[in-house]
Amino acid sequence: MYSKFRKKAPKAAAVMLSTALITGSLGLSLLAVPVQANTSGGYAVSAAAAVPTAKVHSTYRIVAIGDSLTAGYEPGMNLTSVPYGFVERVYEQALFRSRAAYSNYGILGLKLDGLQRWLKATESGQTITADGIQPSLPDPRAEQIASQTSKLQQELKQADLVLISIGGNDFRGLLAQIPSGRSVSDEWLKQELDRYEASLEASIRSILTLQPKAQIVISDQYSPVPDMPVVLAVLGLDNKEGLTDNYQYLLDAAKKLKERLEHLTARIAKEGYQVQGAYSSESFINRENTATYITKGDIHPTQKGYAYMAEAFTKTVWGETLAVAERPENVEISIVVDGKELINPNKPVLKSGRTYVAFRDIADAMKATTQWDNKTSTVTITYGENVVAIKIGESAMTVNGKKVAIDSPAFLHKVGKEQKTYVPLAVLADGLGFQVEYRAPLKTAFINK
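The C-terminal residue of the sequence shown carries number 449 in the UniProt record's numbering, and the numbering is unbroken.
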């Protein structure tokens, strides 16, 4: 289980933080999320099984690899927790734009050298153990994740976008150097920055060997230490002779790392590769108390912090962050079809854990054709080679001439003075060959061809 940091007094938090940062003991444990994520939480749009479809459209594939920030770690997680970090948010942004899938290979406690060894093994097709990646990884999933290195190789070969966060576990050691004086900490920092650039480049090169066309985006590193005298004092960072303004010193260190990342990505980009940085560290400045769990003795981002990181990645990849419109109080779900939100007077209806929509609205949004048989109360919707027929009240539908059982029959729903035919969103979209993904944090169903 994750360690739970319950004490909220600043001094107590500072003591715990000091131990965690200097010794590296963050109390990390099991994340309840599979390596292949796509955690859609699809109770609201659950599709019928074994629905036959014809044409398969291309999928935008995301692979995330790195440390606990990639994994989306937050203190207090347990075996039933589902992370919602920057990776999941970037995946949602991809869904606004096209059919998408993602895999998350974040390992808690991973360092630069560990990532480099892991990706070198992945590049060469070798098997590797968790200890082969990095001795004594604190993540109990490490062996399971290491065993999937061949799968990682295949997914990197198909990747459109690779997301990386790495380095936080390496640069944490700076805090132990600062009390020894600027000459000591400056020299340590320079050596670590040199190692950072060299090791990260090696990792990037391994990915490019597998997929030279992938867009690779790497996060910079934020400083989690706030400008709070009690925290700085407990960490040994309070102002002393020759050691003034250590808060700013840590910010300057983060800035130097950012500059190294900018230099590295620009140099590789000149070779024709899509390698870029995602810069969120400035968003954490003077917001450490709300953007991280620092007051609970943990350096990881809060949901606000992960949102900052996701915004930086999204800006680099697409230029802007998309969002659904604010929902009226009587609307429980938003629906986005091929990047366009479905907004009209015929509101979606949740019934028995399923989402229903007016059939003409969803058909028009999909650019499908419709036919209504008044005698049999059957609606037929055609998209490309796929034909779906749904009869009101029936526990089966016809997909491309084959009967498929469904647990969400169509029904008549009164809208104003009219009776509208409402059909199950997921089974219809799936039958027509669309991807259906429900994202619970956004309360939004994404339908993509």
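Quick reminder that beta carbons are idealized off the backbone N, C-alpha and C, glycines included.
For residue i, the three-state DSSP class (helix, strand or coil)
i: W372; result: strand
i: E259; result: helix
i: E88; result: helix
i: L161; result: strand
i: T321; result: coil
i: residue 459; result: As shown, the chain starts at 1 and ends at 449. That puts residue 459 outside it, with no answer to give.
i: P52; result: Confidence at P52 is low in this model, with a pLDDT of 43, below 50, so the placement of that residue is unreliable and no value is reported for it.
i: F446; result: strand
i: R327; result: coil
i: Y247; result: helix
i: Q215; result: strand
i: S280; result: coil
i: P424; result: strand
i: V184; result: helix
i: M366; result: helix
i: V230; result: helix
i: E332; result: coil
i: E437; result: strand
i: N286; result: coil
Beta-bridge pairing of residue i - partner residues as DSSP gives them
i: I178; result: In DSSP, I178 forms no bridge with anything.
i: E418; result: V415
i: N104; result: A64
i: L350; result: T355
i: N386; result: Y383
i: Q274; result: Q215
i: I392; result: A410
i: V337; result: K340, I447
Inter-residue CB distance, residue i and residue j (contact presumed, cutoff 8 angstroms)
i: V275; j: I204; result: 6 angstroms
i: E262; j: G277; result: 6 angstroms
i: G431; j: V379; result: That pair is no contact at about 12 angstroms.
i: Q280; j: Y249; result: In the sequence as displayed, the identity of residue 280 is Ser instead of Gln. Not quite, the Cβ-Cβ distance comes to about 20 angstroms (not below 8 angstroms), so this is no contact.
i: I299; j: T292; result: 6 angstroms
i: P229; j: D238; result: 7 angstroms
i: A345; j: V415; result: Reading the sequence as shown, one finds Pro at residue 345 and not Ala. Sure, about 7 angstroms apart at Cβ, within 8 angstroms.
i: E192; j: F171; result: 6 angstroms
i: L119; j: L137; result: Contact doesn't hold; Cβ gap of about 15 angstroms is too wide.
i: T59; j: A100; result: 6 angstroms
Residue from the options whose Cα sits closest to the Cα of residue i
i: A233; options: Q148, A214, P179; result: P179
i: L174; options: L163, I164, R182, L189; result: L189
i: Q435; options: A389, A358, V336, G416; result: V336
i: Y91; options: I107, T369, R61; result: R61
i: A312; options: L163, T369, E155; result: L163
i: S150; options: P135, N169, D170, G125; result: G125
i: L322; options: G76, V63, A94; result: A94
i: A445; options: T209, L137, I362; result: I362
i: R260; options: L251, G401, D194, P301; result: D194
i: E320; options: I65, S58, P83, F96; result: F96
i: G401; options: V387, N78, K391; result: V387
i: K213; options: K351, K255, E271, E385; result: E271
i: Q303; options: N104, E326, P75, A64; result: P75
i: G66; options: N78, P83, N104; result: N104
i: T127; options: T80, D139, I145, L108; result: I145
Nonlocal neighbours in the same chain, by C-beta distance under 6 angstroms from residue i, ignoring five residues either side
i: G85; result: G72, Y306
i: A269; result: V275
i: Q371; result: T380
i: residue 454; result: The chain is shown from 1 up to 449; residue 454 falls before or after that span and cannot be answered.
i: R439; result: E92
Beta-carbon contacts of residue i that lie in its chain and below 7 angstroms, excluding the five residues immediately before and after
i: A202; result: Q116
i: L264; result: E197, L200, E201
i: Q211; result: L156, K157, A159
i: S183; result: none
i: K258; result: D220, Y279, S281
i: A429; result: V436, I447
i: A310; result: F86, R89, V90
i: S377; result: K391, I392
i: Q152; result: With the sequence shown as reference, residue 152 is identified as Leu, and Gln is not the correct amino acid for it. Here the set comprises Y105, T122.
i: A325; result: E341, I343
Nonlocal neighbours in the same chain, by C-beta distance under 8 angstroms from residue i, ignoring five residues either side
i: Y422; result: V349, Y356, V357, A358, F359, A410, F411, L412, H413
i: V331; result: K347, P348
i: E143; result: T129, A130
i: A253; result: F171, L174, L189, S223
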